[in-house]
Amino acid sequence: MTPKNNPQLPPTTDIEVDYSLRATTEKWFEYPITVHPHHTDYAGVVWHGNYIPWLEEARIEYLRQIGIDYTDLVSAGCELPVVEINLRYHQPLKMGQSAIVKTRVNEIQKVRMHWDYEIVSFSSQEIYVSGRVTLVGIDTQKGKILRQLPPILQEALIKM
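The sequence shown begins at 73 in the working numbering and counts up by one.
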């Protein structure tokens, strides 16, 4: 007995994907970290606020790896301040442990850049922190949001 009106979906190979609509990097950039005593509280656990500088270090290094020196961006009158940050703490990192901060651009919307993050063990079996940071482009001379990201930054991000 065959079911009536059973619509068949086309195979996934027949579906066209328009990648031009998304500015997303599929590959994660990996930045290793080590927990030192000054990152921890008296119990030897990383204080929650210490994760944020690691995220920023990974992002700045990622930009440097693709040819964008952050100091050059600032010298050119562009700043990329954080306007939103969301973090989820899955389990604590402890003194002496090493981990990898993984980051990638999830989406670019005009002058907003959404970066995804994961801090994981070297084996990637354990996840310590996950989150998203949103940045906007600011004209430092005018103190206003840019209408678009500087061309050099746009080109580098598209290459990612």
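Backbone N, C-alpha and C fix where the C-beta goes; we use that ideal spot for every residue, glycine too. Since the structure is predicted, the reported quantities are computational estimates derived from the model, not experimental observations.
According to the DSSP secondary-structure assignment, His186 is paired through a beta bridge with Glu179, Thr206. Distance from His162 to Ser196 at the Cβ level is roughly 13 Å; contact not present, criterion being Cβ atoms closer than 8 Å. Annotation for Thr143: the continuous alpha helix (DSSP H) segment containing it runs 142–147. For Tyr161, DSSP records a beta bridge to Val201. When secondary structure is reduced to three states using DSSP, Lys214 falls in the coil class, being assigned neither helix nor strand. In the DSSP assignment, Ser170 forms a beta bridge with Thr106. Of all C-beta pairs linking the stretch 181–193 to the stretch 203–213, three or more are shorter than 8 Å, placing the two stretches in contact. Collapsing the DSSP output to three states places Ile132 in a helix.
Three or more beta-carbon pairs separated by less than 8 Å are not found between the stretch 101–111 and the stretch 152–162, which leaves the two stretches without contact. When C-alpha distances from Glu102 are compared across Lys214, Ile230, Ile172, the shortest belongs to Ile172.
Just measuring C-alpha positions, the residue of Glu198, Arg176, Glu151 sitting nearest Tyr134 is Arg176.
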